[in-house]
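S.K.: Can you read through this structure? Questions will come right after.
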Amino acid sequence: MTAIPLGTPRLLLAFTLDGEPVRAPEGSTVLDACRAAGKDVPTLCQGDTLTPKNACRVCVVEVEGARTLAPACSRKAEEGMRVRTDTERVRHSRRVVLELLASSVDLSTTARVAEWIEEYGAEPDRFGPDAARVDEEPRIDNTLYVRDYDKCILCYKCVDACGDQWQNTFAISVSGRGFDARIAVEHDAPLTDSACVYCGNCIEVCPTGALSFRSEFDMREAGTWDESAQTATTTVCAYCGVGCNLTLHVQDNEIVKVTSPHDNPVTHGNLCIKGRFGYQHVQNRD
Amino acid sequence: MDLHFGDSKPTDEERAAVDTLLGPPESSWEGADRSDADLRWARGGREARARRDLLLPGLHAVNDRVGWISEGALGYLCRRLTVPPAEAYGVATFYAMFSVKPRPATVLHVCTDLACMAAGAPELCEGVESRLGPGSGVTVERGPCLGLCERAPAALAVRAGDPVRTAVAAPATVERAVLTAGAPGSAAEEPPAARALPQAGDPSLMLLGRVGVVDPADLDDYRAHGGYAALRRAFALGPAGVIREVTDAGLVGRGGAAFPTGRKWQATASQPDTPHYLVCNADESEPGTFKDRVVMEGDPYALVEAMTVAAYAIGAHKGYLYLRGEYPRALRRMEHAIGQARARGLLGDDVLGQGYAFDIEIRRGAGAYICGEETALFNSIEGYRGEPRSKPPFPVEKGLFGRPTAENNVETLVNVLPILTGGAEAYAAIGTPGSTGPKLYCVSGSVERPGVYELPFGATLGELLELAGVREGLRAVLLGGAAGGFVRPDELHVPLTFEGTREAGTTLGSGVVMAFDDTVPLPRLLLRIAAFFRDESCGQCVPCRVGTVRQEEALHRIAERAGAAAADDVALLREVGRAMRDASICGLGQTAWNAVESAIDRLGAYE
Chain A
1 MTAIPLGTPR LLLAFTLDGE PVRAPEGSTV LDACRAAGKD VPTLCQGDTL
51 TPKNACRVCV VEVEGARTLA PACSRKAEEG MRVRTDTERV RHSRRVVLEL
101 LASSVDLSTT ARVAEWIEEY GAEPDRFGPD AARVDEEPRI DNTLYVRDYD
151 KCILCYKCVD ACGDQWQNTF AISVSGRGFD ARIAVEHDAP LTDSACVYCG
201 NCIEVCPTGA LSFRSEFDMR EAGTWDESAQ TATTTVCAYC GVGCNLTLHV
251 QDNEIVKVTS PHDNPVTHGN LCIKGRFGYQ HVQNRD
Chain B
1001 MDLHFGDSKP TDEERAAVDT LLGPPESSWE GADRSDADLR WARGGREARA
1051 RRDLLLPGLH AVNDRVGWIS EGALGYLCRR LTVPPAEAYG VATFYAMFSV
1101 KPRPATVLHV CTDLACMAAG APELCEGVES RLGPGSGVTV ERGPCLGLCE
1151 RAPAALAVRA GDPVRTAVAA PATVERAVLT AGAPGSAAEE PPAARALPQA
1201 GDPSLMLLGR VGVVDPADLD DYRAHGGYAA LRRAFALGPA GVIREVTDAG
1251 LVGRGGAAFP TGRKWQATAS QPDTPHYLVC NADESEPGTF KDRVVMEGDP
1301 YALVEAMTVA AYAIGAHKGY LYLRGEYPRA LRRMEHAIGQ ARARGLLGDD
1351 VLGQGYAFDI EIRRGAGAYI CGEETALFNS IEGYRGEPRS KPPFPVEKGL
1401 FGRPTAENNV ETLVNVLPIL TGGAEAYAAI GTPGSTGPKL YCVSGSVERP
1451 GVYELPFGAT LGELLELAGV REGLRAVLLG GAAGGFVRPD ELHVPLTFEG
1501 TREAGTTLGS GVVMAFDDTV PLPRLLLRIA AFFRDESCGQ CVPCRVGTVR
1551 QEEALHRIAE RAGAAAADDV ALLREVGRAM RDASICGLGQ TAWNAVESAI
1601 DRLGAYE
């Protein structure tokens, strides 16, 4: 017999989205409702497997009666609330937030951000050539992955994935504060001296490429990284009996990185060091 | 959790500092020698993790004893509390008063904020730095407001050791500051708190009446001056009666948000989830604010009593007093008062023999303005980085440790005493219908008699400045602190009420009134305000983390410009400021642009 999880019945909340009446199950967020209604709300720090941290503030929307804008990713839908997702006020904040981000870090490997910068008319260059940037050299201190804080938007997703939400290793946190805040392991040490167990789940959730596979990083440096030439094949990890799903990204008949499908009900995109990084034997042709 | 603590070992001194706070370690899991019992079971774990909130006191313990926090000390503290070292490192690097790099045992904090700046802080800093160069055994830290604005310019020396020594030099000359840093143990005692009250002795003072009159160390003296009458009345009224009285009195929070206190208490009291907590926000870090310090130094039992009343009303048995790390004397006075009250049965299992249990724990901040934000303060107490939480849920529902919590600042709480002793009606008759009761103001800058003033709501800004003796050539008044706004000398008729200032397009904020005469260069003031917010941003959200930097950059660019030359950058400031106000997580980012905007719009700063 196959059990079909039905879940507990949930109340439907009625509210309006840009003037249109919509209904959303109790507990869902404004962002869920927006996506269900087919609205494209930009998000950077929001992750499909993590509790929203609402730190990036590009998903802000206007909730009638509220003094400030609300982050759609974490604001729960409420009965009778009136939400506007595309007012001048909303667009202004999104544009400035994108400008602030793009002026301070390198967003070149952040998915979709170029599209939003164009859509909102953001001009990151207008803060002048002297505008402070993170500007740090990539940290390459181990053979598995690279930390490039010049691309880090401090979305906290890696911290949450390494901490109590997934991995329970707590190897990384945010240190310092303000513009000097950085993702760091204890004492800002090399990864090899830290509590890191190299599961790579932080890479899995990183939205900007600040954390990447050494293989991807090296190929990008060499100019040989070509996503359009890659195939992705989902298979089952052969190391143990859990049966995690692996997605092998293959370019020129070589595995270049391994991810895991987020919609897998067992792993939700999480892997261990072997599943994530232990693929060399597959292509050992000697 | 599989924690990795590394190999760094604490020194004997660091270990002693932590053990003094936590007691000796019991098992090898937390750093003791291995015993036979360790082979059978593990201690620590969940039990130790429940003490995560001792992380901040633990960091203080090490920093106080050694002067900085080494890898070994942090590792040992983490082991004792089962806190991941990466997280503890994130917490230790969050606070300005801690260092994770070696530094001399003595740190001299020199205030560079607005009142001190106007009183010559830049020259003081330069003088002190040239005298206390490398090898002097003193680190000089230029820092934000020390809350000693009435005696500006100010410096605070902290010498690590057992015990830690602190001393204040204010008003500070280079000579005095250097002497204080050289021998904090034998520095002259600060003047009594009442010296900060130009109105001292005025019998009409309701909130400050006892400051300078009672001995702040003597509980009997406090009782002889009407102390604990409010708590007796509270017990007679019952919790619901107290809340009704506070609601009827029309008391609203004095921290700047002006939320009705009775409504907050009612909402907390009615939560089914337990336990409930009371938090007193004594993290007074708004530049120009020092009233809470004066109250705690001059009338500490009043705060103990007021906290007891508030806790009784909301059904809390535990209260936290989160006290600014830069207030060593207020800390000593409050510690003493709480100890005495506990010894005399006014705190503890059976307060006043009424069968009601309540106790207060002091938590010391460590230099972070953001921790004055109510939810950041919860995180700080809990041993996390002092980053604000997203609201909703609101603290009355999920506050400290995820439980219903009422948080009030010192001034709000001490207002509860006259409400209960004099009755709601008499209290509500003071001030205006929209803003009832007395209000404390911190007046500093270009005035003859800087200090804390108490006036009924409704007095005008001009009347207050008259009392304080405003000097010739007034150029601007900063109302509400760095998060407030400037008003012009021709706007002194503004009534000091919540509704009056709102109507005038400004805010009362925390009650800061800073007068600046025309000798103070306005662009430099604005730069200092921008630098303050950039320094104090927690860095969690983008609009505040990057926005405060871009604003400071723009202000630097236009520091020497005006008119058309500045127009571009002024427009840029407005755009960034608007997004910060709209999209930041908390009040810090939302208000960081207020003062600069008001200087541009009301004072014509760059015309």
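Protein chains in written order, with the working numbering: chain A, 1 to 286; chain B, 1001 to 1607. No residue lacks a Cβ here, since even glycine has one placed at the ideal position from N, Cα and C.
1) Where DSSP assigns a beta bridge to residue 1516 of chain B, which residues make up the other side?
2) Does the stretch 148–162 of chain A come into contact with the stretch 91–108 of chain A, if we say contact requires no fewer than three beta-carbon pairs (one atom in each stretch) closer than 8 Å?
3) Flag this pair as yes or no: are the beta carbons of residue 1302 of chain B and residue 1210 of chain B separated by less than 8 Å?
4) Considering only the alpha carbon of each residue, which of A:86, A:202, A:246, A:120 lies closest to residue 62 of chain A?
5) Exposed or buried, what is residue 46 of chain A when buried is set at 16 or more other beta-carbons lying within 10 Å of its beta-carbon?
6) Can you list the residues of chain B that residue 169 of chain A reaches, using a CB-CB cut of under 7 Å?
7) In terms of alpha-carbon separation, which member of B:1058, B:1432, B:1312 lies closest to residue 1501 of chain B?
8) Let me know the secondary structure DSSP gives residue 1522 of chain B once reduced to three states.
9) Answer yes or no: does any C-beta atom of chain A fall closer than 8 Å to that of residue 1085 of chain B?
10) In chain A, what lies closer than 9 Å to residue 1340 of chain B by C-beta?
11) Helix, strand or coil: how does DSSP classify residue 251 of chain A here?
12) With distances taken from CA atoms, which of B:1357, B:1347, B:1246 is nearest residue 1427 of chain B?
13) What residues in the stretch 1362–1385 of chain B have a beta carbon less than 7 Å from any beta carbon of chain A?
14) Pull out every residue of the stretch 147–180 of chain A whose Cβ sits closer than 9 Å to any Cβ of chain B, in chain order.
15) Is the distance from the Cβ of residue 1480 of chain B to the Cβ of residue 1436 of chain B below 8 Å?
16) State buried or exposed for residue 1493 of chain B, treating a residue as buried only when at least 16 other CB atoms are found within 10 Å of its CB.
17) Residues of chain A with CB under 8 Å from residue 1390 of chain B, in chain order?
18) Mapping DSSP to helix, strand and coil, what is residue 1359 of chain B?
19) Checking contacts by CB at 8 Å: is residue 132 of chain A closer than that to chain B?
20) Using a Cβ-Cβ cut-off of 6 Å (strictly less than) and excluding sequence neighbours within five positions of residue 1495 of chain B, which residues of its own chain qualify?
21) Measuring straight from C-alpha to C-alpha, what distance separates residue 67 of chain A and residue 1591 of chain B?
22) In the DSSP assignment, what residue or residues form a beta bridge with residue 1141 of chain B?
23) Given that a residue counts as buried once 16 or more other Cβ atoms are within 10 Å of its Cβ, and exposed if not, what is residue 280 of chain A?
24) Could you please give me the residues that DSSP links to residue 1276 of chain B through a beta bridge?
25) Under 8 Å, Cβ to Cβ, is there at least one residue of chain B near residue 93 of chain A?
26) For residue 1081 of chain B, is the classification buried or exposed, using 16 other Cβ atoms within 10 angstroms of its Cβ as the cut-off for buried?
27) Along the stretch 1061–1095 of chain B, where does the CB come closer than 9 Å to a CB of chain A? Name the residues.
28) In angstroms with no decimal places, state the Cα-to-Cα distance between residue 194 of chain A and residue 1484 of chain B.
29) Taking the CB atoms as reference points, tell me whether residue 1551 of chain B and residue 1396 of chain B lie closer together than 8 Å.
30) Does the separation of the CB atoms of residue 1489 of chain B and residue 1475 of chain B fall below 8 Å?
31) Below 8 Å on the Cβ atoms is my guess for residue 1312 of chain B versus residue 1358 of chain B; work out the distance and round it to an integer in Å.
32) Report all residues from its chain with a CB closer than 8 Å to the CB of residue 1558 of chain B; omit the five preceding and five following residues, and keep chain order.
33) For my contact list, residue 1193 of chain B and residue 1298 of chain B are in at a C-beta cut-off of 8 Å; report their separation, rounded to the angstrom.
34) Do residue 1594 of chain B and residue 1407 of chain B have their CB atoms nearer than 8 Å?
35) Would residue 289 of chain A be called buried (16 or more neighbouring beta carbons within 10 Å of its own) or exposed?
36) Taking only beta-carbon positions, decide if residue 214 of chain A is within less than 8 Å of chain B.
M.R.: Answer, in terms of the structure:
1) Against the second sequence, residue 1516 of chain B aligns to sequence position 516. According to DSSP, residue 1516 of chain B bridges with B:1476.
2) yes
3) The residue you call residue 1302 of chain B lines up with position 302 of the second sequence. The residue you call residue 1210 of chain B lines up with position 210 of the second sequence. Yes.
4) The residue given as residue 62 of chain A occupies position 62 in the first sequence. When only C-alpha atoms are compared, the closest one is A:86.
5) On the first sequence, position 46 is the one that residue 46 of chain A refers to. Buried, since its Cβ has 16 or more Cβ neighbours within 10 Å.
6) Here residue 169 of chain A refers to the residue found at position 169 when the first sequence is read from its first residue. Correct list: 1002.
7) What you label residue 1501 of chain B is simply residue 501 of the second sequence in a count that begins at 1. Answer by Cα proximity: B:1432.
8) Counted from its first residue, the second sequence places residue 1522 of chain B at position 522. Residue 1522 of chain B: helix per DSSP, three-state reduction.
9) In the second sequence, counting from the first residue as 1, residue 1085 of chain B sits at position 85. Yes - at least one Cβ of chain A is within 8 Å of the one on residue 1085 of chain B.
10) Counting from one through the second sequence, the residue named residue 1340 of chain B turns up at place 340. Result: empty, since nearest Cβ-Cβ is about 37 Å, beyond 9 Å.
11) Within the first sequence, numbered from 1, the residue matching residue 251 of chain A stands at position 251. Residue 251 of chain A falls in the strand class under three-state DSSP.
12) Position 427 of the second sequence, counting from 1, holds the residue named residue 1427 of chain B. If we check each option's Cα against that of residue 1427 of chain B, B:1246 comes out closest.
13) 1385
14) 153, 154, 156, 159, 162, 163, 164, 168, 169, 170, 171, 172, 173, 174, 175, 176, 177, 178, 179, 180
15) Working through the second sequence from its first residue, we reach residue 1480 of chain B at position 480. Working through the second sequence from its first residue, we reach residue 1436 of chain B at position 436. No; because the gap between Cβ atoms is not below 8 Å, this pair is not in contact.
16) As a working note, residue 1493 of chain B is residue 493 in the second sequence. Exposed is the call here.
17) The residue you call residue 1390 of chain B lines up with position 390 of the second sequence. Near residue 1390 of chain B (Cβ distances below 8 Å), the residues of chain A are 54, 71, 74.
18) As a first step, residue 1359 of chain B is located in the second sequence; it is residue number 359 there, counting from the start. Strand.
19) Numbered from its first residue, the first sequence carries residue 132 of chain A at position 132. Yes, contact with chain B.
20) On the second sequence, position 495 is the one that residue 1495 of chain B refers to. Counting only Cβ-Cβ distances below 6 Å, and skipping sequence neighbours, we find 1458, 1460.
21) Within the first sequence, numbered from 1, the residue matching residue 67 of chain A stands at position 67. Within the second sequence, numbered from 1, the residue matching residue 1591 of chain B stands at position 591. Distance between the alpha carbons of residue 67 of chain A and residue 1591 of chain B: 12 Å.
22) Position 141 of the second sequence holds residue 1141 of chain B. BP columns for residue 1141 of chain B point to B:1109.
23) Counting from one through the first sequence, the residue named residue 280 of chain A turns up at place 280. Under this definition residue 280 of chain A is an exposed residue.
24) Position 276 of the second sequence, counted from the start, is the residue given in the question as residue 1276 of chain B. B:1316, per the DSSP bridge assignment.
25) Counting from 1 along the first sequence, the entry for residue 93 of chain A is found at position 93. Answer yes: the Cβ-Cβ gap between residue 93 of chain A and chain B drops below 8 Å somewhere.
26) Here residue 1081 of chain B corresponds to residue number 81 of the second sequence, with the count starting at 1. Label assigned to residue 1081 of chain B: buried.
27) 1071, 1074, 1075, 1078, 1083, 1084, 1085, 1086, 1087, 1088, 1089, 1090, 1091, 1092, 1093, 1094, 1095
28) Counted from its first residue, the first sequence places residue 194 of chain A at position 194. Counted from its first residue, the second sequence places residue 1484 of chain B at position 484. Their backbone Cα atoms lie some 44 Å apart in a straight line.
29) The sequence position of residue 1551 of chain B within the second sequence is 551, counting from 1. The sequence position of residue 1396 of chain B within the second sequence is 396, counting from 1. Their beta carbons are not under 8 Å apart, which means residue 1551 of chain B does not touch residue 1396 of chain B by this criterion.
30) Residue mapping note: residue 1489 of chain B aligns to position 489 of the second sequence, counting from 1. Residue mapping note: residue 1475 of chain B aligns to position 475 of the second sequence, counting from 1. In this structure, residue 1475 of chain B lies closer than 8 Å to residue 1489 of chain B by Cβ.
31) Numbered from 1 along the second sequence, position 312 holds the residue referred to as residue 1312 of chain B. Numbered from 1 along the second sequence, position 358 holds the residue referred to as residue 1358 of chain B. Yes, they are in contact, since the Cβ atoms of residue 1312 of chain B and residue 1358 of chain B sit about 7 Å apart, within 8 Å.
32) Counting from one through the second sequence, the residue named residue 1558 of chain B turns up at place 558. Closer than 8 Å at the Cβ level, and outside the excluded window around residue 1558 of chain B, lie 1523, 1565, 1566, 1569, 1570, 1606.
33) Here the question's residue 1193 of chain B lines up with position 193 in the second sequence. Here the question's residue 1298 of chain B lines up with position 298 in the second sequence. The Cβ separation is near 3 Å, so the contact holds.
34) Counting from 1 along the second sequence, the entry for residue 1594 of chain B is found at position 594. Counting from 1 along the second sequence, the entry for residue 1407 of chain B is found at position 407. For residue 1594 of chain B and residue 1407 of chain B, no; Cβs fall outside 8 Å.
35) Here chain A covers residues 1 to 286 and nothing more, so residue 289 of chain A does not appear.
36) For this step, residue 214 of chain A is matched to residue 214 along the first sequence. With 8 Å as the cut-off, residue 214 of chain A does not count as an interface residue toward chain B.
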